[in-house]
Structure formats: C-alpha cells, structure tokens
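In my numbering, the protein residues as written are -14 to 397.
For glycine and all other residues, C-beta sits at the position ideal for the given N, C-alpha and C.
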C-alpha cells in the first residue's frame, strides 16, 4: 500500500516536470522555464500532494497516549500514596451518515482541482514564453518591412526633390514624401524597442535565449476536444465536484454518528499504608457512542454549502459557454489572416508582371532603375506580409493550444 502511494506521488510529480520541459511539445530536451521557476512549481506540486494526504485521512482519530504520576496525602490519617498511570485511548467515528465517504471524495476532488490549477499556471507561463518568441519573430519581419519602406521613401524623396527643383511639382508633394519618411523612421524605432522589450520579457521566465527557441507548428484542435480539455472548463468542473463533496460532508456533520471509544493501560499505586498489597495492574474499557449535534446554525451552514455548490455548477456552465465563444473568435481571426494571405499572394502575381515589364523597359532605356527598385522593394514587403500573417495564425493557434490539456498530460 505504501509502495503504491509512493509510486503515485512520483508519477504525479514526474508528469508535472515533463510539462515544465519542452519535450512534449518540441521533441527536444530543452527546458522552457528557468530552474528557479521549475523548482517553484515542483515544490507547489509537493505541497498539493502533502495536503491531499493530510485531508484524505483527516477523518481518522489520533491515538491519545497519556502518562501521569499523582502524589496524594490524606489530611486526616496522614497516609500518602503515589499513583502512576500509562494508557492509550481512541475515539474513532465508525459511521457519519456518509460523511466519511464524502471526506475522502472531497480530498480527491480538491487534489484534482488544485492540480488542474497548477497545470494551468504552468501552461500559462509556457505560453508567455512561446508568445514572446512568436511576436519577436513577427516584429523581426516587421523590422525588415520597415527597412524596405525606408528605402522606398528615400527613393521617393530623391525623385520628388528632382521634380521640385525642375519645377514639375509643388512643395506639397515633396513635403508629403518627407513626412512619409519621418513616420516610417518613428515606426522603425518603435519596432526595434518592441523587439528589445520581448527579449526582456523572455529573460524573466527562461534561461533559453529567445533567438534559439525551437518552435513547433501548432495545429487546430477540434472544438469538441477543446471544450472537453480546456483548462478553465476542467477547473470549474472540478471545483463544482469538490463543492458537491464538501456540501455532502457538511450536511452529514449534523446527522447521527456512531463512535468507538476505547481506552487501555497500566496502573501502579504505591501506598505506605498498604505496602504489602499488590496495587499494580492493567485496565481497559470499550464502548459505542451514538450522538447527533443540535446546532442553531445547522440549517444556515448547510444552505450556505449548497448555494456554493449550485453557484459552482452555474459557473462551470458559463465557463464552457465563454470558451465556446473564445474558440469561434479564434477561428474567425484565423480565417481573416488566411484571407489576407490569399489577397497578398494575388498581389504578388501582379508585382511579378510589373517587375518583368519594368525590367524590360529599364534594359531598353525607357524606365529608370528607381522604378524597378521601388517595385522590387514593395514586392518584398508584401512577401514579408504573408510570413507575418502566418505567424499571426500560429500566435492564435498557440493560444488555443495552451488553453487546454493535451493527451500526453492526461496521466497527471
């Protein structure tokens, strides 16, 4: 029995440790979280396991060991005695109208609830790191776009300045080109700062450099699985079950209970008056006690526990409704990104045609090389837009991924 308990505790802790590592997601031995964070969650799991053991056997009464030495002297006769006792007693409930079963079930349900909450926290922190990596790569692409846009603004300013000096355009068009460059320079600075900020955020949680984290390709989970395995859904459902067992436990505490009372021990009496008598010996007593508490607050206490249980049930149903909407919202967002990718790919075909025609015109001297360079830069900007939206899709899918438990984690 002790072996099974130890094995179960090791299995629980071992599974938690596997969640702390990227192995189940990335197929490699690389911890996502820092050693300090890993230790924190391991100790928290040990605390949950210890609390479960304490709560599960809380209904067992302790054995009370007593030892005493009493010196007595009679005021009338002047005789003195020394009485020594050593005994062990217990008052163990045998029946509580289902209360013992409720107590054990409540311990099991509470452990599950606490473990789900811990797993959800670990998944949330891992998601923070993954989200930082994805956004870092997204912003790196946006920085490339910005650099290309700045090249185009320089070309535009150069051409507009030549046209203005030749009297072909007024100052407004040149000023607009300068304003476009200024706006893009500010955007470039902002993106650079965002990249640095995302590095700082990742360092807070992980020792793995953000540039070296290997990312998987996240895929869409079926809605039925998402609604069954979602962390928030599982947590509120488990909380509802825990409240149900606690309600039963509280209700049964005001019903009759049967208690075994037993006491056994040794007694020795040293008497100066009866020094020749054998005053040492053993004693024991055993009996059953039937009792039922009568409390003025019993009805209110039971009603309070029942209300909590019903509230948790309602919250569980509401959480599932919210997660259903969250899933649909993600699907709509992903479809929006996919549509942008389709449109951008169509634009690339037009740019390929224009670049081909412009290149031929440049070769024959009909077009300036600036036109070709501008088109090529713009095409590269559009191509980067495709990759950015592919990352946007991965960001959305990773969010759904870390909002739920996955098959490899089910043994926890």
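DSSP state of residue 197 mapped onto helix, strand, coil: The residue labelled residue 197 in the question sits at position 212 within the chain shown. In this structure, residue 197 counts as coil in the three-state DSSP scheme.
DSSP three-state call for residue -7: helix, strand or coil? Reading the chain shown from its first residue, position 8 is the one you call residue -7. For residue -7, the predicted model reports a pLDDT of 46, less than 50, meaning its position is unreliable; a value from the coordinates is still stated below. It is helical.
Work out the CA separation of residue 315 and residue 325 for me, nearest whole Å. Locating residue 325 in the chain shown gives position 340, counting from the first residue. Locating residue 315 in the chain shown gives position 330, counting from the first residue. About 15 Å.
Residues near residue 380 in its chain [Cβ-Cβ closer than 8 Å; skip 5 each side]: Reading the chain shown from its first residue, position 395 is the one you call residue 380. Contacts found: 116, 119, 120 and 123.
One or two residues paired with residue 246 in a DSSP bridge: In the chain shown, counting from the first residue as 1, residue 246 sits at position 261. Residue 246 pairs with 76 and 272.
Helix, strand or coil at residue 352 [DSSP, three-state]: Counting from one through the chain shown, the residue named residue 352 turns up at place 367. Coil.
Report yes if the C-beta distance between residue 333 and residue 343 is below 8 Å; otherwise report no. For the purposes of this step, residue 333 is taken as residue 348 along the chain shown, with counting starting at 1. For the purposes of this step, residue 343 is taken as residue 358 along the chain shown, with counting starting at 1. Their beta carbons are not under 8 Å apart, which means residue 333 does not touch residue 343 by this criterion.
Identify the residues that DSSP records as bridge partners of residue 56: which are they? Looking up residue 56 in the chain shown gives position 71. Paired residue(s): 67.
Is residue 223 helix, strand or coil by DSSP? On the chain shown, residue 223 is found 238 positions in, with the first residue counted as 1. If DSSP states are grouped into helix, strand and coil, residue 223 belongs with the helices.
What's the gap between the Cα of residue 370 and the Cα of residue 96? Translated into the one-based positions of the chain shown, residue 370 becomes position 385. Translated into the one-based positions of the chain shown, residue 96 becomes position 111. If you take the alpha carbons of residue 370 and residue 96, they lie about 47 Å apart.
Close-in-space but distant-in-sequence residues of the same chain around residue 336 (CB under 6 Å, 5 per side omitted): As a first step, residue 336 is located in the chain shown; it is residue number 351 there, counting from the start. The answer, listed in chain order, is 364.
DSSP state of residue 49, grouped into three classes? Taking the chain shown and counting its residues from 1, one reaches residue 49 at position 64. It is a strand residue.
So, at 7 Å on beta carbons, what are the nonlocal neighbours of residue 142 in its own chain, with the 5 sequence-adjacent residues on each side left out? Residue mapping note: residue 142 aligns to position 157 of the chain shown, counting from 1. If we look at residue 142 and ignore the five residues flanking it on each side, its Cβ neighbours are 162, 163 and 166.
Closer than 6 Å by C-beta to residue 56: which residues in its own chain qualify, once you throw out the five before and the five after it? Chain order, please. Position 71 of the chain shown, counting from 1, holds the residue named residue 56. Correct list, in chain order: 67.
Identified DSSP bridge partners for residue 432: The structure shown has nothing for residue 432, since the chain only spans -14 to 397.
For residue 18, count neighbouring Cβ atoms within 10 angstroms of its own Cβ and tell me buried if that reaches 16, exposed if not. For the purposes of this step, residue 18 is identified with residue 33 of the chain shown, where counting begins at 1. Buried, because 16 or more other Cβ atoms sit within 10 Å of the Cβ of residue 18.
Applying the criterion that 16 or more other CB atoms from any shown protein chain within 10 Å of the CB defines a buried residue, is residue 53 buried or exposed? For this step, residue 53 is matched to residue 68 along the chain shown. Exposed, since its Cβ has fewer than 16 Cβ neighbours within 10 Å.
Assuming residue 161 is part of the alpha helix (DSSP H), what are its boundary residues? Along the chain shown, read from residue 1 onward, the residue named residue 161 stands at position 176. Boundaries of the alpha helix (DSSP H) harbouring residue 161: 156 to 190, taken from the DSSP string.
Hey, residue 239 and residue 280: beta-carbon distance below 8 Å or not? Here the question's residue 239 lines up with position 254 in the chain shown. Here the question's residue 280 lines up with position 295 in the chain shown. Yes, Cβ-Cβ distance for residue 239 and residue 280 is below 8 Å.
Buried/exposed call for residue 262, threshold 16 Cβ in 10 Å: Position 277 of the chain shown, counting from 1, holds the residue named residue 262. For residue 262, the pLDDT reaches just 49, beneath the cut-off of 50, and the residue's location in the model is therefore unreliable, although a value from the coordinates is still provided. The residue in question, residue 262, is exposed, as its Cβ has fewer than 16 Cβ neighbours within 10 Å.
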